[in-house]
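S.K.: Each residue of the sequence shown is one higher than the one before, counting from 30 in the numbering used here. Dropping a structure here in structure tokens format, bear with me for questions.
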Amino acid sequence: MKPSYFNVFINEFPNEDEVLVYNARTQAMGVFDTGFAVLLEKFKGKSIELNQSKYQELINEGFCVEDIVEEEQILSDWFKENSNDNKEMNVTLLTTYNCNFGCPYCFEKNIKNKSVEMDKDTKANICDWIIKKIRERKIKKLNIFFYGGEPLLRKEVIHDIASRFFTESKKLGFEFKFGIVTNGYLINREDTMKFREYGLDFYRITLDGSEKWHDSSRFLRNGNPTFNRIMENIKNETEDVKILLSGNFTKETMPGFSDLIDFLNNNNLNKKIHSIDFSPIMNTEAIGCNSFHDACFKNMDEVYEISRLLEEEISNKGFKKSRVDIAMQRCPFKIKDTSVTIAPDGDIYKCPATVGKKEFRVGNAAFLNLNQLNSYILGREIWRDCFPCSYLPICSAGCYFKAHVEKGNMFAIDCPKREFELTLPNQIKAKYNELL
30 MKPSYFNVFI NEFPNEDEVL VYNARTQAMG VFDTGFAVLL EKFKGKSIEL
80 NQSKYQELIN EGFCVEDIVE EEQILSDWFK ENSNDNKEMN VTLLTTYNCN
130 FGCPYCFEKN IKNKSVEMDK DTKANICDWI IKKIRERKIK KLNIFFYGGE
180 PLLRKEVIHD IASRFFTESK KLGFEFKFGI VTNGYLINRE DTMKFREYGL
230 DFYRITLDGS EKWHDSSRFL RNGNPTFNRI MENIKNETED VKILLSGNFT
280 KETMPGFSDL IDFLNNNNLN KKIHSIDFSP IMNTEAIGCN SFHDACFKNM
330 DEVYEISRLL EEEISNKGFK KSRVDIAMQR CPFKIKDTSV TIAPDGDIYK
380 CPATVGKKEF RVGNAAFLNL NQLNSYILGR EIWRDCFPCS YLPICSAGCY
430 FKAHVEKGNM FAIDCPKREF ELTLPNQIKA KYNELL
């Protein structure tokens, strides 16, 4: 028997003389005395002998394996199973490239042919393509995330597509929900009540800090402010729909996020806001946004420390974080054809970040099958170059698009090891405390 390579050790937790061990592949957690945990860590991938009672428990939970060659094969099978998962289909659908905001850091700024709008035929092709995949894969649940641009500039597209899938879900027996990723300026209770009839689950709204900070980076195309109207829209919304808040911070705007959390708390919005998730703006120069470049983060340790402090503040003020799962990050590049992004012209991409970049196009909704690029991407097992890193089951060799942006090669390794070293211990502790 050999200790798994994928064990992560949290020393002196939950007690000073104990170690919490988390297995990144199985998600199992176990508390061991320090001496035994040291044994598991020191002899990763090497044979150890234990009594029979401990032996079976450690094997079952994944803390140990019969053989390391077997562990690599188990991981390979596990990745393939996730790639071919047919239970759920996730579609990010852009209703338009157009937007009523003029955010300086927008990654869609450089998309060519932004004037392309979704016409009647394309809308029908998209719906037909998704329905064919649902039938072919026997999908049990369909999630659509309406995106843009600003998706609410084309409310009729959302209505037509959502109403069709609501009807089809009753005929074919699958669950259907949808969310709208919006800047929040155009939401209103009347539209919400109509959308709720067809399965609206949430709005994801971006706020870049409190009023002063938000209005300096997320303004209308004519320069007018947006914060107060968005807040009024949120206050007027029904509690039947979830409001998920997100935000993008730089070194300069980070103080505004503490102010925003205080503002939300002081206005008794804890019940209205389902969850909050803030993200740093990284190197936008690489994706064509030079105007914001000097404010972007380049020091990862600085990013994760600020993120940790903001997460603590979110929790201390009684709000929830959106992303609490520490399981494998389900990168759409690594999932066969049940996780896609579809542009207004019907072009299909694997990831929202690649939309409009024709070299990343894997198909079009007018045709059922995806192209050879999709097959080629799925056939690459670059994770094998990372074996036996402890974090491999979580990151599966990192983000393909980030590797493309930063290294000019999507199949280069985008290694997030430092991120996991800084952030994972607190996430594991939080997950452990949740389970108590």
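For each residue, glycine too, the CB sits at the ideal point set by N, CA and C. All of these numbers come straight from a predicted model, not from anything done at the bench.
(1) Would you please state the rounded distance, in angstroms, between the beta carbons of L123 and P373? I believe it to be under 8 Å.
(2) Relative to the C-alpha of F203, which residue among D46, I159, N89 is closest?
(3) Are F195 and L171 close, meaning C-beta to C-beta below 8 Å?
(4) According to DSSP, is E448 helix, strand or coil?
(5) Thinking C-beta only, is E101 closer than 8 Å to F416?
(6) In terms of DSSP beta bridges, what is G427 paired with?
(7) Counting C-beta neighbours from all protein chains within 10 Å, is the total for N113 16 or more, i.e. buried, or is it exposed?
(8) Going by DSSP, which residues form a beta bridge with R225?
(9) Can you list, in chain order, the residues of its chain whose CB lies under 6 Å from that of P32, leaving out five sequence neighbours each side?
(10) Looking at the structure shown, is D366 part of a helix, part of a strand, or coil, going by DSSP?
(11) DSSP three-state label for R409, please.
(12) Buried or exposed: K363, going by 16 or more other Cβ atoms within 10 Å of its Cβ?
(13) What residue does the alpha helix (DSSP H) around D114 start on, and which one ends it?
(14) Mind checking who C93 pairs with in its DSSP beta bridge?
(15) Use the C-beta contact count for R390: other C-beta atoms within 10 angstroms, 16 or more gives buried, fewer gives exposed.
(16) Hey, which unbroken runs of the alpha helix (DSSP H) at 4 residues or more fall wholly within the region 53–87?
(17) Report the residue ranges of all alpha helix (DSSP H) runs contained in full by the region 245–326; include only those spanning at least 4 residues, in chain order.
(18) According to DSSP, what are the bridge partners of G208?
(19) Could you name the residues that DSSP lists as bridge partners for L49?
(20) Check each candidate in I259, I77, I103, Y176 and name the one with the smallest Cα separation from C494.
(21) I need the DSSP call for N393, collapsed to helix, strand or coil.
(22) Between which two residues does the alpha helix (DSSP H) containing I190 stretch?
M.R.: Working from what's here:
(1) 5 Å
(2) I159
(3) no
(4) helix
(5) yes
(6) Per DSSP, none; premise fails for G427.
(7) exposed
(8) Per DSSP, none; premise fails for R225.
(9) L69, F72, K73, C93
(10) coil
(11) coil
(12) buried
(13) Premise fails: D114 is in no alpha helix (DSSP H) and is neither H nor E.
(14) P32
(15) buried
(16) 63–71
(17) 256–265, 283–295
(18) F174, F231
(19) I39, V60
(20) The displayed coordinates of the chain run from 30 to 465. Any statement about residue 494 would go beyond what the structure contains.
(21) strand
(22) 184–201
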